[in-house]
Structure formats: C-alpha cells, structure tokens
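A short worksheet on the structure shown next.
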Amino acid sequence: MKLVDRTKNSAAAVALLSLSTLSAGFLEASPAFARDAQQPVLTASAVAVADKYAADAAEQIFKEGGNAVDAAVAIAFSLAVTYPEAGNIGGGGFMTLYVKGKPYFLDYRERAPLAATRTMYQDDKGNVIPGKSLYGWDAVGVPGTVEGMWEAQRRFGKLKWKQVLAPAIQYARDGFVVDEQLAKRGEEASKEFGGKTNFDQYFSEMKAGTTFRQPDLAAVLTRIANDGAKDFYDGKTADLIAAAMKQGGALITKRDLQEYKAVWRQPVEASWNGYEIITAPPPSSGGVGLVQLLKMKAMLAPQFKDVPLNSPQYIHLIAEIEKRVFADRAQYLGDPDFYKVPVAQLTDDAYLAKRVAEVDPDKPSDTKSVQPGLGTSMPEKAETTHFSVVDKWGNAVSNTYTINGYFGSGEVVPGAGIVLNDEMDDFSSKPGVPNMFGVVGSDANAIAPKKRPLSSMTPTILTKDGKVALVIGTPGGSRIFTSIFQVINNIYDFKMPLKDAVAAMRFHHQLLPPNTIFWEPYQPINGDLAKQVEAKGYVLKGQDFSGDIQAIRIDGDTPEAVADPRGRGVTRVIQ
Ligand code: DON
608 MKLVDRTKNS AAAVALLSLS TLSAGFLEAS PAFARDAQQP VLTASAVAVA DKYAADAAEQ
668 IFKEGGNAVD AAVAIAFSLA VTYPEAGNIG GGGFMTLYVK GKPYFLDYRE RAPLAATRTM
728 YQDDKGNVIP GKSLYGWDAV GVPGTVEGMW EAQRRFGKLK WKQVLAPAIQ YARDGFVVDE
788 QLAKRGEEAS KEFGGKTNFD QYFSEMKAGT TFRQPDLAAV LTRIANDGAK DFYDGKTADL
848 IAAAMKQGGA LITKRDLQEY KAVWRQPVEA SWNGYEIITA PPPSSGGVGL VQLLKMKAML
908 APQFKDVPLN SPQYIHLIAE IEKRVFADRA QYLGDPDFYK VPVAQLTDDA YLAKRVAEVD
968 PDKPSDTKSV QPGLGTSMPE KAETTHFSVV DKWGNAVSNT YTINGYFGSG EVVPGAGIVL
1028 NDEMDDFSSK PGVPNMFGVV GSDANAIAPK KRPLSSMTPT ILTKDGKVAL VIGTPGGSRI
1088 FTSIFQVINN IYDFKMPLKD AVAAMRFHHQ LLPPNTIFWE PYQPINGDLA KQVEAKGYVL
1148 KGQDFSGDIQ AIRIDGDTPE AVADPRGRGV TRVIQ
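Under the numbering used here, the first residue of the sequence shown carries the number 608, and numbering increases by one thereafter.
Take a look at the structure:
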C-alpha cells in the first residue's frame, strides 16, 4: 500500500512511508512535524463546516493544540457519523492544503475495482442500464477517505491520531441529536432506494430530534483509532467490506482495498487578479474549469463593464464562457494516471484568449458549434460535503469529499455501518451518455481497473503575498466549480461582503442540454428576470439542489468564516 508522491515541489519531497511500514509510534506519539514549531500569525483559527457537531470537534482539536490538518481530519471523521448523507469513510475526496507557506494536494478519490470493465454498466446491446452505476453494490468505487485522512494527518498533523478520531467515536457510540434536514434527507433517500438496498436497516431510526447511535460504526472508528488505516484496508474492516461485496455479487475484493493508494499531486496553480489560486488538478475537472472561468471572465472585462451582477446580460456572458469550459471537460478531463490531461494548455492565457474571442456578446452561440478547443485529436497522449479550515499559524485546509448521491449507493456494510459510495457513476458509462449530473464524457473518462472517475470537486485556496486570503469549496456535482467561480466573482469583482457573496443567487450552464440555464431553489430565477433571460434565447430549468459553500476569508490577520445559508453548516472562530 505505497503512497505515491507526484508533487514536484521540494517541500513535498518528504519521505513517505507505506502503511505496511507504519510504526506503532505514530499512533502513540505526536508526529515529527509537531516539533518544528510555527509562530502564530492570525488572531484566531477558524472553520466553516456542514454541521455543528463537526464544528465542535474542530474546536476541541484546536483547544488541544492541534493545527488545521488535525482539525480537518477530526471534521472528516465526525461528518462520517453526524452528516451521513455525504460525510463518509465509505467514499473519497480531495484535500488542498497550504502548510508553512507551501501548497499541497492530496487525492484520495475512489478507484474502480480491479475487475471493472469499460462496458460494465451496459447491457448486451450496448445500452446503459439505468441506475446500475447509481444504486446498490455495483455502483461502489474502492473508498479512499480513511487512507487520505491517515496520510494527511501523519504528514502534517501535530496531535496523536487517536485524539483526532475521539470526537467521531463519541458521536457514533453515544449518539447525536438528528437535525430536521438530515431526517428529511434520510426519508427521501429511503424512498429513492425503494427497499432495494439495505439502507433502511441502518437508518430507519434516524428521526428528527431523537438521539441516533451507530454502534457498528463506533467499533470501526475505534479499530481505526487503534490500528490506523491498516484496519480499513487490510484488517477486520477490510474483511467486512469484502464479505459484503461478495454477498452483493459485486466486484470489490480485499485485494482492491489492499492495493488502494492515495496520491500527493501537484495542485493546479494560477495567478489571477493579484491572487495565487491553488486548486484541484485531475482527476478533478474542477480546478481546470475554475481557472478557465476566472481567466476568461477577466479577459472579457470590456463586455462585462457596467453589466449588473446576475442581470440577463451577465447570465448570458457567463453561460457563453461555461459552454466552452464544459466542451473541454467532456473531451480532455479524466484520471491523469491513465490519460495525459493537457492541464497547462487548457489553462494557458493564449488558448483562453482564443476561446473568449468566440463568445457572442449578443446571443447564445449555437451549441453544436462549441467544440473542445484543442481539437479532438489529443495534443499529448494521454453527496459531497466541503469544509474550510485555517489555523492561527496561517495554515489552511480546503477539503471536499463525497459518496456522490445523498447516502451514496444506499448500501451499508453489514456489521460496520459504513455507507458506501456510488462514485462509479462519475465515469462515462458510454461516450455521450450523461451521468447523474447530466455531463457527458469520452475516452478520457472511460472505466478501467484502478482508474479514478472524473470529479468536479474543487477545494480551493487563494493566497496573496504568500498568505492565505480565501479558503472555499462546495458540493454540487458539475455545479461545484461554477458555484465557486460565482462566489469568487461576488467577493472580488463585485466587492461584496463574504456573507452576501455566499448567499447571492447562483445559476449554471454546462453546454448540454443546449442553451439551458439551471436555477436553484434558494434564489430562483423568476419573474421579469426569467422573461428577459428567456428572451435572450435560453431555456430555464429549476434544480432541487443549491450547493453548500463553506468559506473563510482572511483580511489582515483576522479570519471571517461563512457557512452557506442553504445548508445546516456553522462556523467557529477560535481564539
Ligand atoms: O466528484 C464529483 O464531482 C461528484 N461525485 C460530486 C457529487 C456531489 O457534489 C453531490 N452533491 N450534491
């Protein structure tokens, strides 16, 4: 189970131990990193997270002397218990970090099982079988969260591993009071799974206002606290997962778990508007998409001049940019370990200037005319939740992780209480056939053993003069990076206070369906605005999901944290 370091910067080139060589010392004593002290540079540490239990966990960790990475890992395990619709140990994700003035990116995305095939979700006639990549055991990718947290905390944490697991174990063992939003999501998921998965056996007692306990999960977390990630990938928990998969007739075996690797990668970095953007590289499409969006909008400054935020003309110009980003996404983005993604070309200023020149300022350009910009021959071969954390030493963690749909595949590992993901749906089951988020893909995102499905998750950090300025991210599938883009615009182009920037209306276009603008329930496009947007040639479509931005902004030496009013997130600023 070797960890692979693809980070090129020298600070990242610390020795990486494999899990098999982990010493018991790490579980007992603070890691070496702790001995290399940093001076406080901020008045406080801060978090913005999806629920109050995770915020309490982070506060406890900071009070025990932990840093942003310790807090992030404690949050991730807590949310796996108290935010089971998306928080997880049965899924995967991405962590963007800024530690001691250096950027890092950890990819702990799920992988396809060893026995996966390109056409595994198609019938004999080559048609995609509806729901097969979304529900039940077949939909599950090999989970990466536990190894991701283990790796991040071992490399950068200050506290003992057991300390960061403690809050989650307590929530699982003693229970937590269920929020109305969670209870409602549980009921909806139960209806959606329709008794075809074992979801109800684990979650039917999860009622609003009552205490919900998860003893099986508490036992798993206790083993992970005692034995490290090894338990999940090569111990008792691995055996429980493999047995469940076998029982369900699905592909993941113990070998899949033993061979799982988290990967340190070079983040996507770009200069924009006086800031350095540090964001997610492939296998996310989000970082490339975000940089393309920000740069193209800056290049279109003359067209945007005096155009009011979220006016019909604003919506049109943004949709024109988004069209081109999604054309590139469908063609070029996939797992870089399998397909050489032309990141530098896709984010190159000269390339984007050429793309921007195609934008029609007056009307939507014809969808069919918008093709992937680098040509179709490759130039080189080639339910989610987010939390943001900064510590008073100036380190930051931006983490988005997921089991894809709410409560993932709907399957829970018997005897372990682990909700398993349905991340396999993020692959392109067949070229041109849309996935749950309506996005299509090509060869770059075809299924192959050990390959990671293309993601849109975009945990992002902005720095200025080497100091963290903004930590931001959200769930929302293909809406993730267009949402982050809009909030960044609101903050920096429209100079809105962080709270207003997060609360403001968001909309989305993704090339297909043609000239369709999606609006969200929190701030719908309706009335006169709707009429004017339709008059420009767009179709308006409502979606039931609004995103859940968690952001921290640092101006001077004091962090300000905002949780999206669309969710049940909370913030804490800890002196
Ligand atoms: O990785 C991705 O892009 C998706 N699996 C994320 C799913 C998501 O954001 C669901 N939340 N609404």
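All C-beta atoms in this analysis are idealised placements derived from N, C-alpha and C, irrespective of residue type, glycine included.
Grab the span of the alpha helix (DSSP H) containing residue i for me, first residue to last.
| i | result |
| --- | --- |
| E812 | Counting along the chain, E812 falls outside any alpha helix (DSSP H), and DSSP gives it neither H nor E. |
| R872 | Unbroken run through R872 is the beta strand (DSSP E), V870 to R872; no alpha helix (DSSP H). |
| T703 | Note, T703: premise wrong, no alpha helix (DSSP H); beta strand (DSSP E) at G699 to V706. |
| E692 | Careful: E692 lies outside any alpha helix (DSSP H) and carries neither H nor E. |
| E929 | P919 to Y939 |
| P1166 | Counting along the chain, P1166 falls outside any alpha helix (DSSP H), though it belongs to the beta strand (DSSP E) covering T1165 to A1170. |
| I1054 | From DSSP, I1054 is part of no alpha helix (DSSP H); its letter is neither H nor E. |
| G1134 | G1134 to A1142 |
| A960 | D956 to V963 |
Is residue i buried or exposed, if buried means 16 or more other CB atoms sit within 10 Å of its CB?
| i | result |
| --- | --- |
| E787 | exposed |
| K1058 | buried |
| V771 | buried |
| D863 | buried |
| D1162 | exposed |
| A832 | buried |
| A631 | At A631, the pLDDT of 41 sits below 50, so the modelled position is not reliable; the number obtained from the coordinates is stated separately. Classification of A631: exposed, given that the 10 Å Cβ count is below 16. |
| K902 | buried |
| N1133 | exposed |
| T1089 | buried |
| G1073 | exposed |
| F1092 | buried |
| K1102 | exposed |
| E929 | buried |
| A683 | buried |
| G1048 | buried |
Do the CB positions of residue i and residue j come within less than 8 Å of each other?
| i | j | result |
| --- | --- | --- |
| E717 | G748 | yes |
| V875 | G894 | yes |
| P889 | V950 | yes |
| V997 | P1166 | yes |
| I1181 | A653 | yes |
| Y778 | Y946 | no |
| E666 | L713 | no |
| Q899 | T954 | yes |
| V1020 | A845 | no |
| L1118 | A964 | no |
| A1055 | A723 | yes |
| A937 | P971 | no |
| F783 | T818 | yes |
| T1007 | P1121 | no |
| Y939 | V948 | yes |
| N1002 | K765 | no |
| W1000 | Q729 | no |
| V1004 | L704 | yes |
| V1169 | D658 | no |
My output table needs one value for residue i: the three-state DSSP class, helix, strand or coil.
| i | result |
| --- | --- |
| F839 | helix |
| R1086 | helix |
| Q910 | helix |
| E883 | strand |
| F1014 | coil |
| S685 | helix |
| D863 | helix |
| V753 | helix |
| W768 | helix |
| A1034 | In the sequence as displayed, the identity of residue 1034 is Phe instead of Ala. In this structure, F1034 counts as coil in the three-state DSSP scheme. |
| K902 | helix |
| F1114 | strand |
| K732 | coil |
| F945 | coil |
| Y778 | helix |
| L789 | helix |
| W744 | helix |
| D714 | strand |
| F819 | strand |
| S976 | helix |
Between which two residues does the beta strand (DSSP E) carrying residue i extend?
| i | result |
| --- | --- |
| S995 | T992 to V997 |
| K1148 | V1146 to G1149 |
| L1069 | T1067 to K1071 |
| T1178 | V1177 to I1181 |
| A951 | Counting along the chain, A951 falls outside any beta strand (DSSP E), though it belongs to the alpha helix (DSSP H) covering V950 to L953. |
| R1160 | Q1157 to D1162 |
| K670 | Where K670 is concerned, there is no enclosing beta strand (DSSP E), although the alpha helix (DSSP H) it sits in stretches over K659 to K670. |
| G1080 | K1074 to G1080 |
For chain D, is any of its Cβ atoms less than 8 Å away from the one on residue i?
| i | result |
| --- | --- |
| Y742 | Absent here is chain D; the protein component of the structure consists of one chain. |
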